[in-house]
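A.B. asks:
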Amino acid sequence: MDRGNHLDGKIEYLNTNLDLRSTDDLTALTQHFEQSGVDCLHVCQGSDGLWYATLETIDHETENRDRGGNYQEPEPNIAAFLNTIESLPKELYRVWQGCELREFNIGYDCGNEPWSFNQGLSNTLLSRIANVGVSLRWTLYPERCSETHAQQAN
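Numbering (the numbering used here), first residue to last: 9 to 162.
See below:
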């Protein structure tokens with residue numbers, strides 16, 4: 009999960025990664041994702057013999073350049089992944105089903121403001137997530153001082 013340069017004390021959605029783990033080679037599956045506009049951050053076979061992959065999407069429609077093209081909320085980000093997953097060819101869907109880990113990791117920067125912050129996932133999206141066998145995980149990054157700010161404080 010890329011934290012970017014968000015050191016302004018604001019709570020904000022960063023992005024959602026799709027993490028996969030399998031006994032099967034994930035190269036062809038990740039190539040299909042890439043051909044569908046999903047970025048593969050890495051795909052490799054670990055020393056344990058298992059295959060690992062991490063993927064992320066970019067919001068090509070809004071091209072929100074100040075946030076590196078990241079979505080503003082997790083719902084459209086996850087929907088973009090699901091569009092690709094739901095249209096996998098049969099042979100790649102078998103590889104998908106063989107993954108022992110299929111997980112959306114939703115990342116947020118945490119801070120002191122706004123006082124109240126919420127974002128949701130619709131029941132329609134949750135149903136789609138369940139239908140393709142994906143789990144959900146949240147990663148919350150604490151507010152941290154920038155290196156310059158920390159040096160000035162000392």
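Virtual Cβ for every residue (Gly too), placed ideally from N, Cα, C.
1. If Q105 and Y21 are in contact, beta carbons under 8 Å, what's the gap, nearest whole angstrom?
2. Hey, out of N85, L37 and D33, whose CA is closest to G54's CA?
3. Could you pull the start and end residues of the beta strand (DSSP E) that V51 belongs to?
4. With H, G and I counted as helix, E and B as strand and the rest as coil, what does DSSP make of T65?
5. Less than 7 Å between the beta carbons of R29 and E108, yes or no?
6. Reducing DSSP to helix, strand and coil, say where L37 ends up.
7. Beta carbon of T24, beta carbon of I114: below 7 Å?
8. How is the beta strand (DSSP E) around Y21 delimited, first residue to last?
9. Roughly how many whole angstroms lie between the Cα atoms of P84 and L129?
10. Just tell me which of P150, Y149, T132 and E121 has its CA closest to the CA of I86.
11. Work out the CA separation of T35 and L58 for me, nearest whole Å.
C.D. replies: If we stick to the structure as given:
1. On the sequence shown, residue 105 is found 97 positions in, with the first residue counted as 1. On the sequence shown, residue 21 is found 13 positions in, with the first residue counted as 1. Not a contact, Cβ separation roughly 29 Å.
2. As a position in the sequence shown, residue 54 is number 46, starting the count at 1. The candidate whose alpha carbon is nearest that of G54 is D33.
3. Position 43 of the sequence shown, counted from the start, is the residue given in the question as residue 51. Element bounds for V51: D47 to Q53.
4. Counted from its first residue, the sequence shown places residue 65 at position 57. Here T65 sits in coil by DSSP.
5. Mapped onto the sequence shown, residue 29 falls at position 21. Mapped onto the sequence shown, residue 108 falls at position 100. In this structure, the beta-carbon distance from R29 to E108 falls below 7 Å.
6. In the sequence shown, counting from the first residue as 1, residue 37 sits at position 29. In this structure, DSSP gives L37 a helical state, which the three-state scheme calls helix.
7. Your numbering for residue 24 matches position 16 in the sequence shown. Your numbering for residue 114 matches position 106 in the sequence shown. In contact: T24 and I114 (Cβ atoms closer than 7 Å).
8. Looking up residue 21 in the sequence shown gives position 13. Residues E20 to S30.
9. For the purposes of this step, residue 84 is taken as residue 76 along the sequence shown, with counting starting at 1. For the purposes of this step, residue 129 is taken as residue 121 along the sequence shown, with counting starting at 1. Taking the CA atoms as reference points, P84 sits about 9 Å from L129.
10. Within the sequence shown, numbered from 1, the residue matching residue 86 stands at position 78. Looking at the Cα atoms, T132 is the closest of the given residues.
11. As a position in the sequence shown, residue 58 is number 50, starting the count at 1. As a position in the sequence shown, residue 35 is number 27, starting the count at 1. Within the model, the alpha-carbon separation for L58 versus T35 is close to 12 Å.
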